[in-house]
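Participant: Line order of the protein sequences matches chains A and B.
For the first sequence, position 282 matches number 282 in our numbering, and the numbering has no gaps at all.
For the second sequence, position 19 matches number 19 in our numbering, and the numbering has no gaps at all.
Think of the CB as a built atom: it goes at the ideal place given N, C-alpha and C, for glycine as much as any other residue.
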Amino acid sequence: MSIRGLKKKQPKTFKVKVITMDAEMEFSCEMKWKGKDLFDLVCRTLGLRETWFFGLQYTIKGVCAWLKMEKKVLEQEIPKEDPTQFRFLAKFYPEKVEEELLQEITQHLFFLQVKKQILDEEIHCSPEVTVLLASYAVQAKYGDYDPNFHKPGFLIQDELLPKRVLKQYQMTVHMWEEKITAWYAEHRGIARDEAEMNYLKIAQDLAMYGVNYFPIEQNKNHRDLLLGVDAKGIHVYSINNRFSPNRSFEWSAIRNISYSEKELTIKPLDKKAEVFKFFSSQLKVNKLILQLCIGNHDLFMKRRRVDSIEIQQMKAQAREEKARKKMEHQRL
Amino acid sequence: NPPKFVTYHKALQEIRNSLLPFANEASS
Numbered sequence: 001m002s003i004r005g006l007k008k009k010q011p012k013t014f015k016v017k018v019i020t021m022d023a024e025m026e027f028s029c030e031m032k033w034k035g036k037d038l039f040d041l042v043c044r045t046l047g048l049r050e051t052w053f054f055g056l057q058y059t060i061k062g063v064c065a066w067l068k069m070e071k072k073v074l075e076q077e078i079p080k081e082d083p084t085q086f087r088f089l090a091k092f093y094p095e096k097v098e099e100e101l102l103q104e105i106t107q108h109l110f111f112l113q114v115k116k117q118i119l120d121e122e123i124h125c126s127p128e129v130t131v132l133l134a135s136y137a138v139q140a141k142y143g144d145y146d147p148n149f150h151k152p153g154f155l156i157q158d159e160l161l162p163k164r165v166l167k168q169y170q171m172t173v174h175m176w177e178e179k180i181t182a183w184y185a186e187h188r189g190i191a192r193d194e195a196e197m198n199y200l201k202i203a204q205d206l207a208m209y210g211v212n213y214f215p216i217e218q219n220k221n222h223r224d225l226l227l228g229v230d231a232k233g234i235h236v237y238s239i240n241n242r243f244s245p246n247r248s249f250e251w252s253a254i255r256n257i258s259y260s261e262k263e264l265t266i267k268p269l270d271k272k273a274e275v276f277k278f279f280s281s282q283l284k285v286n287k288l289i290l291q292l293c294i295g296n297h298d299l300f301m302k303r304r305r306v307d308s309i310e311i312q313q314m315k316a317q318a319r320e321e322k323a324r325k326k327m328e329h330q331r332l
Numbered sequence: 001n002p003p004k005f006v007t008y009h010k011a012l013q014e015i016r017n018s019l020l021p022f023a024n025e026a027s028s
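#1: Any contact between the stretch 72-87 of chain A and the stretch 99-111 of chain A? By contact I mean 3 or more CB pairs, one from each, below 8 Å.
#2: Using a C-beta cutoff of 9 Å, does A/Val173 count as contacting chain E?
#3: What number of angstroms, rounded off, separates the C-alpha of A/Lys68 from the C-alpha of A/Lys277?
#4: Identify, in the order they occur along the chain, each residue of the same chain with its Cβ nearer than 8 Å to the Cβ of A/Arg164, setting aside the five sequence neighbours on each side.
#5: With a threshold of 9 Å between beta-carbons, can A/Pro127 be considered close to chain B, or not?
#6: Quick one: grab the DSSP three-state call for A/Thr59.
#7: Within the stretch 124-156 of chain A, note down every full alpha helix (DSSP H) run reaching 4 residues or more, in order along the chain.
#8: The stretch 122-149 of chain A: which residues have C-beta closer than 7 Å to a C-beta of chain B, in chain order?
#9: Determine, using beta carbons only, whether A/Val236 and A/Ile257 come nearer to each other than 9 Å.
#10: Would you say A/Ile216 reaches chain B, if we count a Cβ-Cβ gap shorter than 9 Å as a contact?
#11: Please identify the residue among A/Glu99, A/Val16, A/Glu263 whose C-alpha is closest to the C-alpha of A/Ser281.
#12: Mind listing the chain B neighbours of A/Lys179? Cutoff is C-beta to C-beta under 8 Å, in chain order.
#13: Mind checking B/Asn1: buried by the 16 CB within 10 Å criterion, or exposed?
#14: Apply the 10 Å Cβ neighbour rule to A/Gly35 and answer buried if 16 or more other Cβ atoms are within range, or exposed otherwise.
#15: Measuring alpha carbon to alpha carbon, tell me which of A/Gly228, A/Ser308, A/Met327, A/Ala195 ends up nearest A/Leu288.
#16: If you draw a straight line from the C-alpha of A/Ala134 to the C-alpha of A/Ile180, how long is it?
#17: Spell out the partners DSSP gives A/Gly47 in its beta bridges.
#18: Quick check on A/Ile309: buried or exposed, where buried means 16 or more other Cβ atoms within 10 Å of its Cβ?
#19: Beta carbon of A/Lys12, beta carbon of A/Glu26: below 9 Å?
#20: Which same chain residues end up closer than 8 Å to A/Gln168 when comparing Cβ atoms and leaving out the 5 residues on each side of it in sequence?
#21: Could you tell me which of A/Glu328, A/Pro94, A/Ser28, A/Gly143 sits nearest to A/Lys201, measuring between CA atoms?
#22: Is A/Lys325 close to chain B, meaning its C-beta is less than 9 Å from at least one C-beta of that chain?
#23: List, in order along the chain, the chain B residues whose C-beta lies closer than 8 Å to that of A/Gln204?
#24: Excluding five sequence neighbours on each side, which residues of the same chain lie with their C-beta closer than 6 Å to the C-beta of A/Met314?
#25: What is the rounded straight-line gap between the Cα of A/Phe110 and the Cα of A/Asn198?
#26: Using the Cβ count rule (16 or more neighbours within 10 Å means buried), how would you classify A/Asp224?
#27: Beta-carbon within less than 7 Å of A/Lys326's beta-carbon, same chain only, minus the 5 sequence neighbours each way: which residues are those?
#28: How is the beta strand (DSSP E) around A/Ser28 delimited, first residue to last?
#29: Buried or exposed for B/Ile15, going by 16 or more other Cβ atoms inside 10 Å?
#30: Give the DSSP-derived three-state secondary structure of A/Ile78 in the structure shown.
#31: Is A/His187 buried or exposed, if buried means 16 or more other CB atoms sit within 10 Å of its CB?
Structure representation (structure tokens):
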């Protein structure tokens with residue numbers, strides 16, 4: 001066959017760049033690929049099996065969107081750039097990290113994402129909790145504390161605390177390092193995956209953890225509100241209080257969620273209860289809210305059913321792996 | 001000596017207390 005013939009046979013491709021929390025990857029995608037084809041390729045490359053928490057995110061006209069799985073990549077409203085960039089991120093959060101995150105890679109990606117959200121102050125965190133979290137992050141990165149090796153200044157390059165916390169105290173970089181190191185030294189013997197899991201176990205109790213917030217308006221009196229969607233349900237907050245919702249609808253108590261143009265309607269299971277209607281800023285945002293509701297609701301229901309064979313196998317594998325690691329760690 | 005890591009809440013209390021003397025007036 002001639003070179004020309006070979007060339008003709010090759011399918012047309014386009015390039016994408018996928019950015020994870022700690023790596024960048026480039027892929028050649030076939031023009032006909034659906035979102036799922038690209039997503040599966042990324043998951044296979046990462047060795048990730050707990051795929052249901054994740055998605056490929058992009059930004060279009062200032063709004064965050066997630067690549068749809070069942071639609072062709074090129075038929076979606078993605079940015080016109082070469083290569084097209086996607087962020088591989090957790091889209092849904094577990095209700096209990098210690099029970100649901102099985103693979104080490106899944107835990108690690110969650111750890112990195114939540115740590116960034118805390119440092120970027122997207123999740124509010126008190127100063128004392130940030131110090132404790134920082135000590136686990138240091139244990140995960142540096143292993144056991146060794147004063148001969150971890151000399152003063154060893155944390156100078158690490159971003160460990162949110163800027164807001166640093167500003168709250170008259171403390172030098174070295175004083176912070178000393179404080180964090182004192183707690184870091186307490187974690188001796190904890191392996192990297194355990195330290196990251198301890199970090200997540202603390203972070204999951206923070207009020208803003210795992211909540212996607214959207215500004216909304218209620219039709220009645222046009223008060224500005226925030227809608228929060230998370231693993232447990234839908235919450236309504238005052239615009240200046242993202243910590244405690246005024247009202248919550250657990251997934252099991254919701255009959256139906258629907259939208260038309262900018263209006264979204266939540267119908268509670270209890271037919272006597274008031275139907276909650278509100279407006280979001282754009283149709284696109286409504287679609288995103290609904291997407292997050294459907295995904296979170298599905299996971300909520302899945303958690304309350306018997307584990308699939310795949311999950312049972314993964315749980316057994318995770319248990320074995322943990323036991324093996326613990327033994328190896330103790331032996332060392 | 002590093003503080004003893006007893007329980008989560010005790011740890012938080014200890015950190016809070018140790019930070020207190022350094023709090024800026026506006027945030028204390």
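Facilitator: Taking the geometry as given:
#1: When C-beta atoms of the stretch 72-87 of chain A are compared with those of the stretch 99-111 of chain A, fewer than three pairs fall below 8 Å, so the two segments do not count as touching.
#2: Absent from the structure is chain E; the protein chains it does hold are A and B.
#3: Numbered from 1 along the first sequence, position 68 holds the residue referred to as residue 68 of chain A. Numbered from 1 along the first sequence, position 277 holds the residue referred to as residue 277 of chain A. Their backbone Cα atoms lie some 26 Å apart in a straight line.
#4: Here the question's residue 164 of chain A lines up with position 164 in the first sequence. Cβ neighbours of A/Arg164 beyond the five flanking positions: Glu121.
#5: The residue you call residue 127 of chain A lines up with position 127 of the first sequence. Interface annotation, A/Pro127: in contact with chain B, CB-CB separation under 9 Å.
#6: What you label residue 59 of chain A is simply residue 59 of the first sequence in a count that begins at 1. Strand, per DSSP.
#7: Runs found: 127-142.
#8: Of all residues in the stretch 122-149 of chain A, Pro127, Glu128, Val129, Val131, Leu132 have a Cβ within less than 7 Å of some Cβ in chain B.
#9: As a first step, residue 236 of chain A is located in the first sequence; it is residue number 236 there, counting from the start. As a first step, residue 257 of chain A is located in the first sequence; it is residue number 257 there, counting from the start. Their beta carbons are not under 9 Å apart, which means A/Val236 does not touch A/Ile257 by this criterion.
#10: Against the first sequence, residue 216 of chain A aligns to sequence position 216. False, the Cβ-Cβ gap to chain B never drops below 9 Å.
#11: In the first sequence, counting from the first residue as 1, residue 281 of chain A sits at position 281. With distances taken between Cα atoms, A/Ser281 lies closest to A/Glu263.
#12: Counted from its first residue, the first sequence places residue 179 of chain A at position 179. Under the 8 Å cutoff, chain B gives Ile15, Ser18, Leu19.
#13: The residue you call residue 1 of chain B lines up with position 1 of the second sequence. Legend: pLDDT at B/Asn1 = 38, less than 50; position of this residue unreliable, value from coordinates given subsequently. In summary, B/Asn1 is exposed, with fewer than 16 beta-carbon neighbours lying within 10 Å of its beta-carbon over all protein chains present.
#14: Here residue 35 of chain A is taken as the residue at index 35 of the first sequence, counted from 1. Flag for A/Gly35 reads buried.
#15: In the first sequence, the residue the question calls residue 288 of chain A occupies position 288. Among A/Gly228, A/Ser308, A/Met327, A/Ala195, the Cα nearest to that of A/Leu288 belongs to A/Gly228.
#16: Your numbering for residue 134 of chain A matches position 134 in the first sequence. Your numbering for residue 180 of chain A matches position 180 in the first sequence. About 7 Å.
#17: On the first sequence, residue 47 of chain A is found 47 positions in, with the first residue counted as 1. In the DSSP assignment, A/Gly47 forms no beta bridge with any residue.
#18: Taking the first residue of the first sequence as position 1, residue 309 of chain A is located at position 309. It is exposed - the Cβ of A/Ile309 has fewer than 16 other Cβ atoms within 10 Å.
#19: Sequence index remark: in the first sequence, residue 12 of chain A carries index 12 (1-based). Sequence index remark: in the first sequence, residue 26 of chain A carries index 26 (1-based). Not in contact: A/Lys12 and A/Glu26 (Cβ atoms no closer than 9 Å).
#20: Numbered from 1 along the first sequence, position 168 holds the residue referred to as residue 168 of chain A. Within the same chain, Cβ atoms closer than 8 Å to the Cβ of A/Gln168 are found at Pro127, the five residues on either side in sequence being excluded.
#21: For this step, residue 201 of chain A is matched to residue 201 along the first sequence. Closest option to A/Lys201, judged by alpha-carbon separation, among A/Glu328, A/Pro94, A/Ser28, A/Gly143: A/Pro94.
#22: Translated into the one-based positions of the first sequence, residue 325 of chain A becomes position 325. No - not a single Cβ of chain B is within 9 Å of the one on A/Lys325.
#23: In the first sequence, counting from the first residue as 1, residue 204 of chain A sits at position 204. For a Cβ distance threshold of 8 Å, nothing in chain B lies close to A/Gln204: the least Cβ distance comes to about 13 Å.
#24: The residue you call residue 314 of chain A lines up with position 314 of the first sequence. In the same chain as A/Met314, and ignoring 5 residues on each side of it, the C-beta atoms closer than 6 Å to its own belong to Leu102, in chain order.
#25: Taking the first sequence and counting its residues from 1, the one referred to as residue 110 of chain A is at position 110. Taking the first sequence and counting its residues from 1, the one referred to as residue 198 of chain A is at position 198. Going by C-alpha positions, A/Phe110 is about 12 Å away from A/Asn198.
#26: Translated into positions along the first sequence, residue 224 of chain A becomes position 224. So A/Asp224 ends up on the exposed side.
#27: In the first sequence, the residue the question calls residue 326 of chain A occupies position 326. Excluding sequence neighbours, A/Lys326 sits near nothing in its chain.
#28: Walking along the first sequence from the start, residue 28 of chain A turns up at place 28. Here the beta strand (DSSP E) through A/Ser28 covers 24-30.
#29: On the second sequence, position 15 is the one that residue 15 of chain B refers to. Here B/Ile15 is buried: its Cβ has 16 or more other Cβ atoms, across all protein chains shown, within 10 Å.
#30: Numbered from its first residue, the first sequence carries residue 78 of chain A at position 78. Correct three-state label for A/Ile78: coil.
#31: Position 187 of the first sequence, counted from the start, is the residue given in the question as residue 187 of chain A. By the neighbour-count rule (16 or more Cβ atoms within 10 Å), A/His187 is buried.
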